[in-house]
Amino acid sequence: MEQNERKSSGINIGSASIIMVFAVLCLTVFAVLTFITANNEYKLADKSATAIKTYYEADTRAVITEGKIRESIAKGNNAEIEGVTVKTEADGRHYTYAQTMDENQEIQVELLYTDGELKTLKWELVNVAEWSPDAGIKLWDGEN
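Residue 1377 is where the sequence shown starts when you use our numbering, and the numbers rise one by one after that.
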């Protein structure tokens, strides 16, 4: 054996290139996944902001209607307020109305006027869309 001969150390330039290509490929995949996740989070945040804005707009309209009821009671004229139903019962006068949030939800309000005081009995967001089950899924019944 001559002294000038070199022995292979095991890692050649080709092996380093394969590792580098694999690392770049992994980083590219992670970058794409990060971008997709960030985009989905943005869309979810946008939907959430829209829903919150719509809710508070409906809530504001409900509060304005309550103010009109209070004003009517204070004046003692019991004027009719658009969208408000008034029922006189043994425990006092019940004022009920609803403010639409979107095609599926509304804020339903029920107020009770008794002993010179207007109390809130109900102020809640209610789903008003008709529920219909999805009959499109075919399940296996054990036969062909």
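Every residue gets a Cβ at the ideal spot worked out from N, C-alpha and C, and that includes glycine.
Excluding the 5 residues preceding and the 5 following residue i in the sequence, name in chain order all residues of the same chain whose CB lies nearer than 7 Å to its CB.
| i | result |
| --- | --- |
| ASP1435 | ILE1483 |
| THR1430 | MET1477, ASP1478 |
When you compare only the Cα positions, how much space is there between residue i and residue j?
| i | j | result |
| --- | --- | --- |
| GLY1492 | ALA1505 | 37 Å |
| ALA1421 | LEU1494 | 38 Å |
| GLN1475 | LYS1514 | 39 Å |
| ALA1455 | SER1448 | 6 Å |
| PHE1406 | ILE1395 | 17 Å |
| ALA1425 | ALA1450 | 37 Å |
| PRO1509 | ARG1446 | 42 Å |
From the options, pick the residue whose C-alpha is nearest to that of residue i; which is it?
| i | options | result |
| --- | --- | --- |
| ALA1438 | ILE1389, LYS1514, LYS1498 | LYS1498 |
| GLU1465 | VAL1408, THR1490, THR1413 | THR1490 |
Who are the near neighbours of residue i in its chain, counting only those whose CB is closer than 6 Å to its CB and skipping five residues on each side?
| i | result |
| --- | --- |
| GLU1479 | none |
| VAL1460 | TYR1471, TYR1473 |
Taking only three categories from DSSP, how would you classify residue i?
| i | result |
| --- | --- |
| GLU1442 | helix |
| LYS1495 | strand |
| ASN1415 | helix |
For residue i, decide whether its Cβ has a neighbour in chain B, counting only Cβ atoms nearer than 7 Å.
| i | result |
| --- | --- |
| VAL1397 | Note that chain B does not occur in the displayed structure, where there is just one protein chain. |
Beta-carbon within less than 8 Å of residue i's beta-carbon, same chain only, minus the 5 sequence neighbours each way: which residues are those?
| i | result |
| --- | --- |
| ASP1467 | LEU1488, THR1490 |
| THR1441 | ILE1457, GLY1459, VAL1460, TYR1473, GLN1475, VAL1485 |
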